[in-house]
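> Read in order, the letters of the sequence shown correspond to residues 335 to 456 in the numbering used here. For glycine and all other residues, C-beta sits at the position ideal for the given N, C-alpha and C.
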Amino acid sequence: MSTVSVGGSESRQMPTFLKRVDLAKLIVFMTVFRERNVSTAALRLGVTQPAVSNCLRDLRHDFADDLFLRMQGMMKPTPKAEAIAAALLPGLEILSHAVMSFASPMWCQTLEIPCMERHGVR
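1. What residue does the alpha helix (DSSP H) around Phe-359 start on, and which one ends it?
2. Taking 9 Å as the threshold (C-beta atoms), are Leu-379 and Val-355 in contact?
3. If the criterion is Cβ atoms closer than 9 Å, does the pair Asp-399 and Thr-382 meet it?
4. Leaving out the 5 sequence neighbours to the left and right, which residues in its chain are closer than 8 Å to Met-364 when beta-carbon positions are compared?
5. Buried or exposed: where does Ala-358 fall if 16 or more other Cβ atoms within 10 Å of its Cβ makes it buried?
Printed below as a string of structure tokens:
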């Protein structure tokens with residue numbers, strides 16, 4: 335375990351394995367879990383489809399499970415993926431609310447850029 339100090343408060347022990355957890359990969363996992371499609375997940379995350387596939391490869395290794403099986407054009411979660419998602423969701427929601435409570439208002443805004451469809455941009 336390693337010691338963590340937050341805001342001058344009493345030190346707490348953090349399990350060493352948490353240092354190896356990649357939050358970005360967990361977000362990719364949850365996005366694929368929700369979308370059931372790698373390409374759609376990549377679009378939602380603003381990354382390429384190969385980037386999502388590479389992340390899933392790493393997660394499959396980390397969790398020693400296939401996590402998702404391609405069935406009828408969709409990514410069907412394995413029972414282990416279902417259990418992982420159920421365990422992660424509450425924590426990720428808490429983390430999201432905690433970060434957003436301190437985030438700059440710029441993070442919460444939507445930028446709309448009007449353009450003409452004839453230019454192939456929608």
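Reading from the atomic positions:
1. Residue 359 is actually Lys in this sequence, not Phe. From DSSP, the alpha helix (DSSP H) with Lys-359 extends over 357-369.
2. no
3. no
4. Ala-419, Leu-422, Leu-423, Leu-426
5. Exposed, because fewer than 16 other Cβ atoms sit within 10 Å of the Cβ of Ala-358.
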